[in-house]
Amino acid sequence: MQTNEQIQHLQQKSKEKPISRREFVSALSIATAAGPGLIAATLSGIALTKSQRAEAAEAVVAALGKLPRRPFNSHMKHMLITPISISQDWNQELYAPALALGINFVHKAGYWGQLPDAFKGLDRESYYTDITVDTTSPGHDPDDYDAAYNQVVQSLQSNGLKYYDIYRAHFGWHSPASFQKGTSYKVFQRLKREGKVRHFGVSQHPYHGPSEIYHDYPQMILPEVQSGIVEAMQVWYSYGTSQAVQDVFAKASEAGVGMTAMKIFSRGGGKMSGDPQMMQNMRAEGKPGRALMRYVLSQKTPHGKPLFNTCVSALGNLQVFEENVGGASLKMALADGHDELVHALEA
Amino acid sequence: MKETAVIAAWSPPEWACCSFPLPEASPVCLEMPWLLEALNQLIEARTDADTTPLQRALHVAHMLVTMQGTDGAWPVRFCPRTGKQAGNGRTYAPALLMKQLKLVLQSTEFTVAVQHAEAHQRASSV
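Right, dumping it as structure tokens:
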């Protein structure tokens, strides 16, 4: 039986009952032979058991190789982090392969009600975390000092993390004036004295909800950069982001702010999927997720610094994990001949 | 029997409410009851192997948090292009979805939004 036929046969069979150990090993051999970065894609459609998925994940990890770690820009240069971060809302089956790849930053760890199994037993100093502190969102009082303080303290009591590396004001501020009130920063300073947080940052969304006066991104980002107190910034960025917005992100990066890109797929997935030439340029034909990751990670400031130090990406299954995390893999970039990304990841 | 919300399209990235499920290609307004039913269906479609439908619902829930008003409520109808409310109707229904997400994810992410909704709902019923 040809390999494609074998895979199709297993896809059909697995709908009725789990495939046998022998059948799984055969499928995994076919998938591994398909090439690095194609393992989960080849197994797609076959319903695997939890242990089979874990074994397939190990094969994906071996193919992608350990991810590189780079300084989180100059404000936090002691933090060497991978170009993609874990998010608290990932499918938790993906935590173990992510850790095996060396991914060492967890976004929104503050939302963990308890420490996930994959993190139990790890040295707390072996990975970095942020907490997104919610009192800056609309409908809530952006000057609620006590609510912000209590959110951090109570979350540490629940999940046992001891501290967060980054305190991120979540959704960011709604106007330069609200940022300049400085309430979030006062809460951060108290928590830092208590040893509960280490660096101050923001997850700045571009507001245009019904209760908000629309402020364009540059108008919100610039005061934050110029204040000198924001050490880390997480922003909406993807293929298609305007040059004006990209220029202000470059200012932040040049100022030493640790930059994280978010909403990469929701903002750029459609455009990338409809642009086969760009996917080819990114050496990721037919893989918009990987193309997007490579696109974002290879962007530079006018002085040649990485525009973004890391990215967050919503990952729900092993195939998307392989595709997107593969975009941050140095081993895959070398194999695919993406010299620009290799240079960026080795910087 | 509850009517199924049929997702016909997803809102484009340039809309204020990007990547929202839509009942038709370019609706002028989106009804919150329809949206919440669509999100519930996405949450129910998740499996241990694939939580992608849940991710899509989560993205919308993240955006809904930013749409919560100072009254702790959300618009019953809104324009997905601009995010602006249409009409005067207000609802606390998204808080129920957020409580469900909290259970599914064992997460505290929506705690503050839910607390605000419940506090205002209690105050308005007194």
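Read top to bottom, the protein sequences are chains A and B. FYI, in the working numbering the residues of the first sequence are 9 to 355. FYI, in the working numbering the residues of the second sequence are 85 to 210. In this text, a Cβ means the ideal position worked out from N, Cα and C, and glycines have one as well.
Is residue i helix, strand or coil by DSSP?
| i | result |
| --- | --- |
| His-178 (chain A) | strand |
| Trp-118 (chain B) | helix |
| Lys-85 (chain A) | strand |
| Ala-156 (chain A) | helix |
| Asp-283 (chain A) | coil |
| His-346 (chain A) | coil |
| Val-243 (chain A) | strand |
| His-204 (chain B) | helix |
| Ser-219 (chain A) | Only weak support exists for where Ser-219 (chain A) lies, its pLDDT of 42 falling under 50; the coordinates are left without a value. |
| Asp-255 (chain A) | helix |
| Thr-57 (chain A) | coil |
| His-115 (chain A) | strand |
| Ala-93 (chain B) | strand |
| Tyr-176 (chain B) | coil |
| Phe-104 (chain B) | coil |
| Tyr-303 (chain A) | helix |
| His-17 (chain A) | helix |
| Tyr-171 (chain A) | coil |
| Val-238 (chain A) | coil |
| Arg-140 (chain B) | helix |
| Arg-29 (chain A) | helix |
| Arg-291 (chain A) | coil |
| Arg-130 (chain B) | coil |
| Glu-98 (chain B) | coil |
| Lys-128 (chain A) | coil |
| Ser-46 (chain A) | The sequence shown places Leu at residue 46 (chain A), rather than the Ser named in the question. Leu-46 (chain A): coil per DSSP, three-state reduction. |
Taking C-alpha atoms, which residue in the options lies nearest to residue i?
| i | options | result |
| --- | --- | --- |
| Gln-14 (chain A) | A:Thr-50, A:Gly-45, A:Ser-246, A:Met-270 | A:Thr-50 |
| Thr-11 (chain A) | A:Val-33, A:Lys-23, A:Pro-26, A:Ile-38 | A:Ile-38 |
| Gln-199 (chain B) | B:Leu-189, B:Arg-165, B:Thr-154 | B:Thr-154 |
| Ala-170 (chain B) | B:Ile-127, B:Val-144, B:Ser-110, B:Leu-114 | B:Leu-114 |
| Ser-349 (chain A) | A:Pro-91, A:Lys-259, A:Gln-254, A:Leu-123 | Going by the sequence as given, residue 349 (chain A) is Leu instead of Ser. Per the Cα distances, A:Pro-91. |
| Tyr-247 (chain A) | A:Phe-273, A:Ala-62, A:Gln-96 | A:Phe-273 |
| Glu-262 (chain A) | A:Thr-309, A:Ala-108, A:His-115, A:Gly-334 | A:Thr-309 |
| Phe-257 (chain A) | A:Phe-196, A:Gly-278, A:Gln-96, A:Pro-314 | A:Pro-314 |
| Ala-336 (chain A) | A:Leu-56, A:Leu-109, A:Ala-41 | A:Leu-109 |
| Ala-65 (chain A) | A:Ser-82, A:Phe-80, A:Pro-44 | A:Pro-44 |
| Val-265 (chain A) | A:Ala-343, A:Ile-47, A:Arg-176 | A:Arg-176 |
| Met-241 (chain A) | A:Ala-292, A:Thr-140, A:Gly-203 | A:Thr-140 |
| Lys-128 (chain A) | A:Gly-168, A:Ile-27, A:Glu-330 | A:Gly-168 |
| Gly-277 (chain A) | B:Thr-88, B:Ala-89, B:Trp-94 | B:Trp-94 |
| Gln-254 (chain A) | A:Ser-186, A:Leu-230, A:Asp-154 | A:Leu-230 |
| Val-149 (chain B) | B:Ala-179, B:Asp-132, B:Leu-189 | B:Ala-179 |
| Leu-36 (chain A) | A:Glu-293, A:Ala-67, A:Ser-163, A:Gly-190 | A:Ala-67 |
According to DSSP, which residues form a beta bridge with residue i?
| i | result |
| --- | --- |
| Pro-79 (chain A) | A:Leu-88 |
| Ala-269 (chain A) | A:Val-243, A:Cys-319 |
| Val-141 (chain A) | A:Ala-177 |
| Arg-161 (chain B) | B:Glu-115 |
| Ser-134 (chain A) | DSSP output for Ser-134 (chain A) lists no bridge partner at all. |
| Ser-191 (chain B) | A:Trp-120 |
| Pro-314 (chain A) | A:Lys-308 |
| Ser-95 (chain A) | A:His-115 |
| Gln-169 (chain B) | B:Phe-162 |
| Gln-212 (chain A) | A:Phe-179, A:Val-243 |
| Val-68 (chain A) | Answer is none; Val-68 (chain A) lacks a bridge partner. |
| His-207 (chain A) | A:Ile-174 |
Answer with buried or exposed for residue i, where buried requires no fewer than 16 other C-beta atoms within 10 angstroms of its C-beta.
| i | result |
| --- | --- |
| His-311 (chain A) | exposed |
| Arg-30 (chain A) | exposed |
| Asn-99 (chain A) | buried |
| Asp-138 (chain A) | buried |
| Gly-180 (chain A) | buried |
| His-351 (chain A) | exposed |
| Gly-156 (chain B) | buried |
| Pro-214 (chain A) | buried |
| Met-340 (chain A) | buried |
| Tyr-222 (chain A) | With a pLDDT of 47 at Tyr-222 (chain A), under the threshold of 50, the modelled position of this residue cannot be trusted; read the value that follows with caution. That one is exposed. |
| Lys-271 (chain A) | buried |
| Gly-217 (chain A) | Note on Gly-217 (chain A): pLDDT 46, under 50, position unreliable in the model; the coordinate value appears next. Classification for Gly-217 (chain A): buried. |
| Ala-38 (chain B) | What is shown of chain B runs 85 to 210, which leaves residue 38 (chain B) out entirely. |
| Gly-345 (chain A) | exposed |
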